[in-house]
Every structure is written in structure tokens, then in C-alpha cells.
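S.K.: Under our numbering, read the sequence shown as residues 18 to 115, first letter to last. Beta carbons: idealized from backbone N, C-alpha and C, even for Gly. Everything numeric in this text was worked out from a predicted model, so none of it was measured. Here it is, the structure, as C-alpha cells.
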Amino acid sequence: MALTREIVENIAELAKLALSEEEIDLYREQLSEILDYVDRLAAVDTDDIAPTASTLPIINALRVDVVQPCLSTAEALAAAPRQEANQFSVEAVLEGEA
């Protein structure tokens, strides 16, 4: 499917892209090639192929949930640059009243 310059310019406008004349020609060719390839893929007979989400076997990768000791408050705060009332202290990231 050969795209026209006007279609590429419209796509660029929708994507808020400012393209040079050379880029418009380049992208017209590249996008046309991509659409031609998609047409070739669409022509492949896949009626006898079962739909799958993955070609790899499905394996459950979850581990057993085991209770383990965690850091104490002092250990967790040990490397903090600032702390206050047993909590991490950070600069406000939003301006204005809280």
C-alpha cells in the first residue's frame, strides 16, 4: 500500500511532528513498506494454527511465600540522608499548601 505525501503529512500533524521534506519522503517509503509487509502477513493461511498467547510453555514462576525477618526501623533508616520521628524525611515535591 503506497502512502501519499498528504497521508504522511496528516499522520505527522496528528502526532505533532514537524517533518522536513526529506523526512516526509523517507517516512512515506518506510511506512508504505511496513504496510506492504502487514498485507503479506494477512495473506498467510493460519486457519489450522491454534491461537496462542505465547510459543513458550506456560510455567508458574511464583515462589512459596515464606515469612522472613525484616530490617528494623534503625537498620532501614541507617543510610537515609535525613530522618525525622523514625521516618525518612524528604523535600516536598509539590508546591502550594498541603
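In the DSSP output, which residue or residues are listed as bridge partners for Glu101?
M.R.: Glu101 pairs with Gln104.
S.K.: Could you tell me if Arg45 is buried or exposed, where buried requires 16 or more neighbouring beta carbons within 10 angstroms of its beta carbon?
M.R.: Per the 10 Å Cβ criterion, buried.
S.K.: Should Val25 go down as buried or exposed, given a rule of 16 or more other Cβ atoms within 10 Å for buried?
M.R.: So Val25 ends up on the buried side.
S.K.: In angstroms with no decimal places, state the Cα-to-Cα distance between Leu36 and Ala109.
M.R.: Going by the C-alpha atoms only, they are around 40 Å apart.
S.K.: Quick check: Leu48 and Leu31, are their CB atoms within less than 8 Å of each other?
M.R.: Not closer than 8 Å, so no.
S.K.: If you follow the alpha helix (DSSP H) that Glu40 is part of, which residue opens it and which one closes it?
M.R.: Taken as a continuous stretch (DSSP letters only), the alpha helix (DSSP H) holding Glu40 covers Glu38 to Ala59.
S.K.: Cβ atoms of Met18 and Asp56: under 8 Å apart, would you say?
M.R.: Closer than 8 Å, so yes.
S.K.: Taking the alpha-carbon positions, what's the Glu40 to Leu73 distance?
M.R.: Distance between the alpha carbons of Glu40 and Leu73: 39 Å.
S.K.: Taking just the CA atoms, how far does Asp82 sit from Ile76?
M.R.: About 17 Å.
S.K.: What residues in its chain sit with their C-beta under 7 Å from that of Asp53, if we drop five residues either side in the sequence?
M.R.: Once the five neighbours on either side are set aside, the close Cβ partners of Asp53 are Met18.
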